[in-house]
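Numbering (the working numbering), first residue to last: 26 to 450. This report concerns only the one structure given below.
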Ligand code: DSN
């Protein structure tokens, strides 16, 4: 299930720039010794790391395979074609564009393809679990378009499809986004598809968080229900930092034109290569095991947290992510996140739906299981993980630094037996 270890120690970098090499080494140690629970992070394999550090980065390739504005594309065209064909096979789509630099530019390209400035667009509100680029006010997507936002129900923490439908039919958005960054439950793509068709909107599934689960069969696929799929490649999918847009053939031209020349210049070919490698990994049976293990770990962790009195938004999880409201523990999310960091447990503070606190000092923390699963931790370890979180949050409330130091030592001790993919052994 875990990927092979990285055999290198960066000799050229160490010789040329010891200061920078020392920082890379320090980050490698940090990633090895801490329990990384940020749900959008992961460990990529040594193969993905190698591909993303190749001479492919020396090449400019504006255009698409067979239709470039620069010569010398003999190899680059094949690299990009491999990535595209693998994306089509892994996700079962007719068209894939692997050039977006990351998730936000990918989403911006979707607006460019299907909307005009000033048009109404619709997505989930950021504090409810959506993403900035789903039309939130401070983002270009909320400034250049008229963003209308849906949320989750106060009582269940689940998406209110009556509200989504009512809003879509009233506002008639050109584009509707589903998906987000803090959604612990299965996304009902079929329900969104019905509403989008009724409203005459282009439906975009932003599966950045769950792409690896979709690829591994651990979350239903949006393919039959949506017009466009947008995803980053570096979260559960375990590839390099990049993005992809996928669709049926009918939208291929509009999306391709929007990415280049609409929004971007030359693609980052080293990233394209690493995406191709990650997609090859995602097509292996072991990736299915990993995707299902991510969910099994998250469910086991959620149960163990509930048993310790934690309040989980929506009452649990169906995927890789758990959103915790720490209000009953009387510890603000930011104070808890910083204390857990000192205890060797890396999380991010996060708003919870209907949060009464500010986004920079919210009530919750967001955790997830992709990274620990990539290290080989299993459901039987989740009681221990929940215990550490419980002790860390309690210590945060009391300012008990000794307790945090004790947890940090226990974390490092367990993780020493689970080497992380891609890191020096
Ligand atoms: N920054 C990503 C996340 O952590 O979910 C979203 O873009």
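For glycine and all other residues, C-beta sits at the position ideal for the given N, C-alpha and C. Every value quoted in this text rests on a predicted model; they were computed, and no experiment measured them.
Notebook entry, point to check: In three-state terms, what does DSSP make of residue 67?
Noted result: As a first step, residue 67 must be located in the chain shown, where it is residue number 42. Coil at residue 67, not helix or strand.
Notebook entry, point to check: Are residue 348 and residue 338 closer than 8 Å when you measure CB to CB?
Noted result: Mapped onto the chain shown, residue 348 falls at position 323. Mapped onto the chain shown, residue 338 falls at position 313. Against a cut-off of 8 Å, the Cβ pair of residue 338 and residue 348 comes out as a contact.
Check: Tell me, which residues are paired with residue 256 by DSSP?
Finding: Here residue 256 corresponds to residue number 231 of the chain shown, with the count starting at 1. Paired residues: 269.
Margin query: Using only CA atoms, which one of 193, 363 and 36 lies nearest to residue 171?
Written below: Here residue 171 refers to the residue found at position 146 when the chain shown is read from its first residue. Per the Cα distances, 193.
Checklist line | Under 8 Å between C-beta atoms of residue 317 and residue 64 | finding: Looking up residue 317 in the chain shown gives position 292. Looking up residue 64 in the chain shown gives position 39. Not a contact, by the Cβ cut-off of 8 Å.
Margin query: By the DSSP assignment, the alpha helix (DSSP H) with residue 283 in it spans what residues?
Written below: Along the chain shown, read from residue 1 onward, the residue named residue 283 stands at position 258. Segment: none, residue 283 is in no alpha helix (DSSP H) and carries neither H nor E.
Checklist line | N-terminal and C-terminal residue of the beta strand (DSSP E) that residue 229 is part of | finding: Looking up residue 229 in the chain shown gives position 204. Looking at the DSSP string, the run of the beta strand (DSSP E) that includes residue 229 is 227-231.
Margin query: Rounded to the nearest angstrom, what separates residue 133 and residue 166 at their Cα positions?
Written below: Translated into positions along the chain shown, residue 133 becomes position 108. Translated into positions along the chain shown, residue 166 becomes position 141. Using only the alpha carbons, I get a separation of about 7 Å.
Next item on the list: May I ask you to report which of helix, strand or coil DSSP gives residue 355?
Entry: The residue labelled residue 355 in the question sits at position 330 within the chain shown. Reduced to three states, the DSSP call for residue 355 is coil.
Check: Which value, in whole angstroms, describes the spacing of the CA atoms of residue 266 and residue 160?
Finding: As a first step, residue 266 must be located in the chain shown, where it is residue number 241. As a first step, residue 160 must be located in the chain shown, where it is residue number 135. Answer to the nearest angstrom: the Cα atoms are 23 Å apart.
Next item on the list: Look up residue 375 in the DSSP assignment and give the residues it is bridged to.
Entry: For the purposes of this step, residue 375 is taken as residue 350 along the chain shown, with counting starting at 1. Looking at the DSSP assignment, residue 375 forms a beta bridge with 389.
Check: Do you know offhand how far residue 354's Cα is from residue 420's?
Finding: Along the chain shown, read from residue 1 onward, the residue named residue 354 stands at position 329. Along the chain shown, read from residue 1 onward, the residue named residue 420 stands at position 395. Straight through space, the alpha carbons of residue 420 and residue 354 are spaced by roughly 11 Å.
Check: Measuring from the CB of residue 65, is there a heavy atom of the ligand DSN at a distance below 7 Å?
Finding: For this step, residue 65 is matched to residue 40 along the chain shown. Residue 65 Cβ: within cutoff of the ligand DSN.
Margin query: For a test of the three-state rule: what should DSSP assign to residue 170, helix, strand or coil?
Written below: For the purposes of this step, residue 170 is taken as residue 145 along the chain shown, with counting starting at 1. Residue state, collapsed to three classes: coil.
Margin query: Does residue 125 pass the burial test, meaning 16 or more other C-beta atoms within 10 Å, or should it be called exposed?
Written below: Here residue 125 refers to the residue found at position 100 of the chain shown. Residue 125 counts as buried, since no fewer than 16 other beta carbons sit within 10 angstroms of its beta carbon.
Next item on the list: Would you tell me roughly how many angstroms separate the C-alpha atoms of residue 386 and residue 374, rounded to the nearest one?
Entry: The residue labelled residue 386 in the question sits at position 361 within the chain shown. The residue labelled residue 374 in the question sits at position 349 within the chain shown. Going from the Cα of residue 386 to the Cα of residue 374 covers about 8 Å.
Next item on the list: Flag this pair as touching only if the stretch 434-443 and the stretch 379-396 have three or more C-beta atom pairs under 8 Å; answer yes or no.
Entry: no
Margin query: Could you check whether the stretch 340-347 touches the stretch 194-214, counting it as contact only if at least three pairs of C-beta atoms, one from each stretch, sit closer than 8 Å?
Written below: yes
Note to self: In whole angstroms, give me the CA-to-CA distance for residue 276 and residue 383.
What the structure shows: For this step, residue 276 is matched to residue 251 along the chain shown. For this step, residue 383 is matched to residue 358 along the chain shown. Their Cα atoms are separated by approximately 39 Å.
Check: Does DSSP put residue 436 in a helix, a strand or coil?
Finding: Numbered from its first residue, the chain shown carries residue 436 at position 411. Helix.
Check: Should residue 128 be listed as close to the ligand ZN, given that the test is whether its C-beta is under 7 Å from any heavy atom?
Finding: The ligand content of the structure shown is limited to the ligand DSN, which means the ligand ZN is not among them.
Notebook entry, point to check: Who are the near neighbours of residue 313 in its chain, counting only those whose CB is closer than 6 Å to its CB and skipping five residues on each side?
Noted result: As a first step, residue 313 is located in the chain shown; it is residue number 288 there, counting from the start. Taken in chain order, the residues that qualify are 241 and 242.
Note to self: Quick check: the Cα distance between residue 300 and residue 271, rounded to an integer number of angstroms?
What the structure shows: Within the chain shown, the letter at position 275 stands for residue 300. Within the chain shown, the letter at position 246 stands for residue 271. C-alpha separation (whole angstroms): 14 Å.
Notebook entry, point to check: Nearest to residue 195 by alpha carbon, out of 393, 206, 221 and 284?
Noted result: Here residue 195 refers to the residue found at position 170 of the chain shown. Ranking the options by Cα distance to residue 195, first place goes to 221.
Note to self: Would the stretch 358-371 count as touching the stretch 401-409 if we require 3 or more Cβ pairs under 8 Å?
What the structure shows: no
Next item on the list: Would you kindly check if the distance between the Cβ of residue 148 and the Cβ of residue 177 is under 8 Å?
Entry: Position 152 of the chain shown, counted from the first residue, corresponds to residue 177. Position 123 of the chain shown, counted from the first residue, corresponds to residue 148. Result no, Cβ atoms of residue 177 and residue 148 do not sit closer than 8 Å.
Item checked: 4 or more residues per run - each alpha helix (DSSP H) lying fully within the stretch 68-92 -> 71-77
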